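Student: Please see the structure below; I have some questions.
There are 2 protein chains.
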Amino acid sequence: MAREMVRQGGRSARIQSEVHRTVRDMLKTMDRGAITVPMIAEKSGVTPSTIYRRWGDLSELLADVAVARMRPVADPEDTGAMGSDLETFILQYAEEMSSKVGRSMLADVLGSMEGAAAGRCCQFTYDHLETLRERALTRGEKAFDVSEAIDAVIAPIIYHILFRDRELTIDYCRSLVSRFLEKCAGA
Amino acid sequence: MAREMVRQGGRSARIQSEVHRTVRDMLKTMDRGAITVPMIAEKSGVTPSTIYRRWGDLSELLADVAVARMRPVADPEDTGAMGSDLETFILQYAEEMSSKVGRSMLADVLGSMEGAAAGRCCQFTYDHLETLRERALTRGEKAFDVSEAIDAVIAPIIYHILFRDRELTIDYCRSLVSRFLEKCAGA
DNA sequence: CGGCTAACGCTAAAAAATTGCGTTAAGGTG
DNA sequence: CACCTTAACGCAATTTTTTAGCGTTAGCCG
Chain B
27 MAREMVRQGG
37 RSARIQSEVH
47 RTVRDMLKTM
57 DRGAITVPMI
67 AEKSGVTPST
77 IYRRWGDLSE
87 LLADVAVARM
97 RPVADPEDTG
107 AMGSDLETFI
117 LQYAEEMSSK
127 VGRSMLADVL
137 GSMEGAAAGR
147 CCQFTYDHLE
157 TLRERALTRG
167 EKAFDVSEAI
177 DAVIAPIIYH
187 ILFRDRELTI
197 DYCRSLVSRF
207 LEKCAGA
Chain L
27 MAREMVRQGG
37 RSARIQSEVH
47 RTVRDMLKTM
57 DRGAITVPMI
67 AEKSGVTPST
77 IYRRWGDLSE
87 LLADVAVARM
97 RPVADPEDTG
107 AMGSDLETFI
117 LQYAEEMSSK
127 VGRSMLADVL
137 GSMEGAAAGR
147 CCQFTYDHLE
157 TLRERALTRG
167 EKAFDVSEAI
177 DAVIAPIIYH
187 ILFRDRELTI
197 DYCRSLVSRF
207 LEKCAGA
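Residue numbers (our numbering), protein chains in the order written: chain B, 27 to 213; chain L, 27 to 213.
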């Protein structure tokens, strides 16, 4: 059979979720640099070789867990207008990403070169913004461009989180959003 | 003696530069995931324990090398006007950072949590922009704000390099600069 | 139900990381 | 300049992590 077969149920799935859960637990209580594959294996009740074979590497596993955590469970909140929709989403986004776990997830996602972790993760952001845009269009509002929103709002937030060169206050995030919306309206 | 003593000359410095050179060489010819501390040690003529004791970790060593490479050797080129100064600098910056080695340096710098690698590296960018700003002021031009330049131009470039969600063309970088300069002029 | 094989466990071997201890050589001092 | 202190290194033993072979288990399909 030529088709590549990938099991997605039963034991395989059970192990994946158990390992993921273990990693999430460990990230809460201990330092990321102290986590090792054998430790994860023991706490999950799995052999290390299973983890190595399946994920290849600690950084790949961490990236996989991070992407799974970032995967949104619901659409962004509908506040009734595009401006408040965007602001609400951005404030929540900034708070999540700048938290300790958020920072860790970002580092993990960017730390894996092999998988498409980074791409998948920023796709989530793109989709959310696209949802807001379509919602605005449905309302008859003049909607923003998603790529421009990423450049004007998301990119600065991520930059400052990664390089720790500026405190990410609520006011600052709000000003990013409002300046972006003004520019849209003026165009 | 209470004062912390750090040796900076002689053998210690020789080893540092030798190890750095070895790492740079290896990054050119082989994949980053394949580089190990014992390999670096052998090629540098040093024992692994020396590297572990001094840098603590492979990722810390890579970050150290990356920061050293990013340290600018000269001020940005003076083209006679602020607009062209900024565009010239940004285009060069984008090309360096989006190259294979640039991407690797970024990943290495962001991969080390301990040291202040990320902070030092983005300080270089800040300093360069500050130089351009002061140069503009000296000429009597209406200068841009450095923090705003980072948000509007640098951050998007870094974002797209890290997440690989968009091709970083010359035209795109130029449009970031020109839009930023227009916004400055209009303010 | 029965065959196929992806995915796992176990174990041994290889590689990497850690640690103790003696030695070398910066950098300061009399 | 000779001497002293100790940061930084080399070496080697130990521990831990990673890799690889091989038999076994259990999804998925006909």
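Where is the CB? At the ideal position from N, CA and C, for every residue including glycine. Here the structure is a predicted model, which means the values were calculated and not measured.
Between Asp-101/L and Thr-157/L, is the Cβ-Cβ spacing less than 7 Å?
Tutor: Translated into positions along the second sequence, residue 101/L becomes position 75. Translated into positions along the second sequence, residue 157/L becomes position 131. Yes, the pair counts as a contact, with Cβ atoms nearer than the cut-off.
Student: Spell out a yes or no on whether the stretch 60-80 of chain L and the stretch 36-45 of chain B are touching, meaning 3 or more CB-CB pairs, one atom from each, closer than 8 Å.
Tutor: With the cut-off at 8 Å, the stretch 60-80 of chain L and the stretch 36-45 of chain B do not touch.
Student: Consider the Cβ of Ala-28/B: report whether some Cβ of chain L lies at a distance smaller than 7 Å.
Tutor: For this step, residue 28/B is matched to residue 2 along the first sequence. Model confidence at Ala-28/B stands at a pLDDT of 35, short of 50, so the residue's coordinates are unreliable and nothing is read from them.
Student: Can you find a CB in chain B that lies within less than 7 Å of the CB of Arg-146/L?
Tutor: Numbered from its first residue, the second sequence carries residue 146/L at position 120. Arg-146/L does not count as touching chain B.
Student: Starting from the C-beta of Ala-28/B, find all residues in its chain whose C-beta is less than 6 Å away, skip the five residues before and the five after it, and write them out in chain order.
Tutor: As a first step, residue 28/B must be located in the first sequence, where it is residue number 2. Summary for Ala-28/B: the model assigns pLDDT 35, below 50, so the residue's position carries little reliability, and this model does not support an answer.
Student: Compare the beta carbon distance of Pro-182/L and Asp-191/B with 7 Å and say whether it is the shorter of the two.
Tutor: One-based indexing of the second sequence puts residue 182/L at position 156. One-based indexing of the first sequence puts residue 191/B at position 165. No.
Student: Is the Cβ-Cβ distance between Val-93/L and Ala-143/L less than 7 Å?
Tutor: Numbered from its first residue, the second sequence carries residue 93/L at position 67. Numbered from its first residue, the second sequence carries residue 143/L at position 117. The answer is yes: Cβ separation under 7 Å.
Student: Looking only at its own chain, which residues have a Cβ that is under 7 Å from the Cβ of Ser-138/L, when we skip the five neighbours before and after it?
Tutor: Stepping through the second sequence from its first residue, residue 138/L is reached at position 112. Answer for Ser-138/L: Ser-85, Glu-86 and Ala-89, listed in chain order.
Student: Can you tell me the Cα-Cα spacing of Gly-106/B and Thr-164/B, whole angstroms?
Tutor: The sequence position of residue 106/B within the first sequence is 80, counting from 1. The sequence position of residue 164/B within the first sequence is 138, counting from 1. Roughly 11 Å separates the two Cα atoms.
Student: List, in order along the chain, the chain B residues whose C-beta lies closer than 7 Å to that of Asp-177/L?
Tutor: For the purposes of this step, residue 177/L is taken as the residue at position 151 of the second sequence. Neighbours of Asp-177/L on chain B, chain order: Pro-182.
Student: Taking 7 Å as the cut-off, decide whether the C-beta atoms of Ser-124/L and Leu-194/L are in contact.
Tutor: In the second sequence, the residue the question calls residue 124/L occupies position 98. In the second sequence, the residue the question calls residue 194/L occupies position 168. Yes. Within cutoff.
Student: I'd like to know whether the C-beta atoms of Glu-167/B and Met-108/B end up nearer to each other than 7 Å.
Tutor: In the first sequence, the residue the question calls residue 167/B occupies position 141. In the first sequence, the residue the question calls residue 108/B occupies position 82. Yes.
Student: Check the Cβ-Cβ distances between Arg-80/B and every residue of chain L, and say whether any is below 7 Å.
Tutor: The count along the first sequence starts at 1 and reaches residue 80/B at position 54. For Arg-80/B, the answer is no, since every Cβ of chain L falls outside 7 Å of its Cβ.
Student: Suppose contacts are defined by Cβ-Cβ distances below 7 Å. Is Cys-199/L in contact with Leu-117/L by that definition?
Tutor: Reading the second sequence from its first residue, position 173 is the one you call residue 199/L. Reading the second sequence from its first residue, position 91 is the one you call residue 117/L. Yes, these two residues count as a Cβ contact at 7 Å.
Student: Out of Gln-34/B, Met-56/B and Glu-140/B, which has the shortest C-alpha to C-alpha gap to Gly-82/B?
Tutor: Here the question's residue 82/B lines up with position 56 in the first sequence. Measuring from the Cα of Gly-82/B, the nearest candidate turns out to be Glu-140/B.
Student: At a Cβ cut of 7 Å, what residues of the stretch 95-118 of chain B count as close to chain L, listed as they run along the chain?
Tutor: Here the close residues number zero.
Student: Can you list, in chain order, the residues of the stretch 182-206 of chain B whose Cβ is nearer than 7 Å to any Cβ on chain L?
Tutor: Taking 7 Å as the Cβ-Cβ cut-off against chain L, the residues of the stretch 182-206 of chain B that qualify are Pro-182, Ile-184, Tyr-185, Leu-188, Phe-189, Arg-190 and Asp-191.
Student: My assumption, with CB atoms under 8 Å, is that Arg-161/B sits in contact with Val-172/B. Please give the rounded CB distance.
Tutor: Numbered from 1 along the first sequence, position 135 holds the residue referred to as residue 161/B. Numbered from 1 along the first sequence, position 146 holds the residue referred to as residue 172/B. Not confirmed; about 12 Å, so no contact.
Student: Of the choices Leu-202/L, Leu-53/L, Phe-206/L and Leu-188/L, whose alpha-carbon is the least far from that of Cys-147/B?
Tutor: Numbered from its first residue, the first sequence carries residue 147/B at position 121. It is Leu-188/L whose Cα lies nearest to the Cα of Cys-147/B.
Student: Any Cβ of chain B within less than 7 Å of the Cβ of Met-155/L?
Tutor: Along the second sequence, one-based indexing puts residue 155/L at 129. The question names Met, but residue 155/L is Leu in the sequence shown. No, Leu-155/L lies away from the interface with chain B (no Cβ there is under 7 Å from its Cβ).
Student: By Cβ distance below 6 Å, which residues in the same chain neighbour Arg-40/L in space, the five residues on each side in sequence not counted?
Tutor: The residue labelled residue 40/L in the question sits at position 14 within the second sequence. Once the five neighbours on either side are set aside, Arg-40/L has no close Cβ partner at all.
Student: How many whole angstroms separate the CB atoms of Ile-180/B and Thr-151/B, which I take to be in contact at a CB cut-off of 8 Å?
Tutor: Residue mapping note: residue 180/B aligns to position 154 of the first sequence, counting from 1. Residue mapping note: residue 151/B aligns to position 125 of the first sequence, counting from 1. Correct: roughly 6 Å between the Cβ atoms.
Student: Could you name the residues of the same chain whose beta carbon sits closer than 6 Å to that of Asp-134/B, not counting the 5 residues immediately before and after it, in chain order?
Tutor: By one-based count along the first sequence, residue 134/B stands at place 108. Leu-88, Ala-89 and Ala-92.
Student: Counting only beta-carbon separations shorter than 7 Å, does Gly-212/L have a partner in chain B?
Tutor: Along the second sequence, one-based indexing puts residue 212/L at 186. Chain B, which has no Cβ nearer than 7 Å to the Cβ of Gly-212/L, makes this no.
Student: For the ligand MG, any of its heavy atoms closer than 6 Å to the Cβ of Asp-134/L?
Tutor: In terms of ligand content, the structure shown is empty, and the ligand MG therefore cannot be addressed.
Student: Taking Gln-149/L as the reference, give the member of Pro-74/L, Pro-98/L and Phe-206/L with the closest Cα.
Tutor: Mapped onto the second sequence, residue 149/L falls at position 123. The shortest C-alpha separation from Gln-149/L is found at Pro-98/L.
Student: For Val-49/L, count neighbouring Cβ atoms within 10 angstroms of its own Cβ and tell me buried if that reaches 16, exposed if not.
Tutor: Walking along the second sequence from the start, residue 49/L turns up at place 23. Buried.
Student: If the cut is a Cβ gap below 7 Å, which residues of chain L does Leu-136/B touch?
Tutor: Reading the first sequence from its first residue, position 110 is the one you call residue 136/B. Those within 7 Å of Leu-136/B in chain L are Ala-133, Leu-136 and Leu-188.
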